[in-house]
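**Q** Residue numbers for the sequence shown follow our numbering, so the first one is -5 and each next one is one higher.
Where is the CB? At the ideal position from N, CA and C, for every residue including glycine.
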Amino acid sequence: MWSFSPEAVQWHLVDGEVIALDTARGEYLSVDGSGALLWSRLADGATEESLAADLTAAYGIDPDVAAVDVGLFLRELHDRRFLTAAA
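1. Could you check the C-alpha separation between Arg75 and Val59 for me, to the nearest Å?
2. Which runs of the alpha helix (DSSP H), 4 residues or longer, sit entirely within the stretch 37 to 70?
3. Just to confirm my understanding: we take Pro57, look at its own chain, exclude 5 residues before and 5 after, and list those with CB closer than 6 Å. What are they?
4. Among the candidates Val25, Val64, Leu77, whose CA atom is the shortest distance from the CA of Glu43?
5. State the DSSP-derived secondary structure class of Ser(-1), mapped to helix, strand or coil.
6. Compare the C-alpha of Asp48 against each of Gln4, Ser24, Leu32 and name the closest.
7. With 16 as the cutoff for other CB atoms within 10 Å, does Val8 come out buried or exposed?
8. Using a Cβ-Cβ cut-off of 8 Å (strictly less than) and excluding sequence neighbours within five positions of Glu11, which residues of its own chain qualify?
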């Protein structure tokens, strides 16, 4: 399970693009398309598996490819410290 740090990460969805700012570090991030879909669903508490299903449904991609893409996206957010692994 993954989560944002609500104290540090502020974000808004603007015209299909997620604009995020880690206010503690001054780090900016922008994602659109599938990234915006995943970010919004993740903020709602979606699991990694449901995120992959969302990609498959929205873009018609193979479920295995979607699972890999979601994993890469989550790791990128984690590496950039926008996301933490919840216990």
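**A** For this structure:
1. Rounded to whole angstroms, Arg75 to Val59 spans 24 Å at the Cα level.
2. Taking only runs of at least 4 residues, the alpha helix (DSSP H) segments lying wholly in the stretch 37 to 70 are 42 to 53.
3. Apart from sequence neighbours up to five positions away, the residues of its chain that approach Pro57 with a beta-carbon distance below 6 Å are Thr50, ordered along the chain.
4. Nearest C-alpha to Glu43: Val64.
5. Residue state, collapsed to three classes: coil.
6. By alpha-carbon distance to Asp48, the top candidate from Gln4, Ser24, Leu32 is Leu32.
7. That one is exposed.
8. Ser24, Val25, Asp26, Ala30, listed in sequence order.
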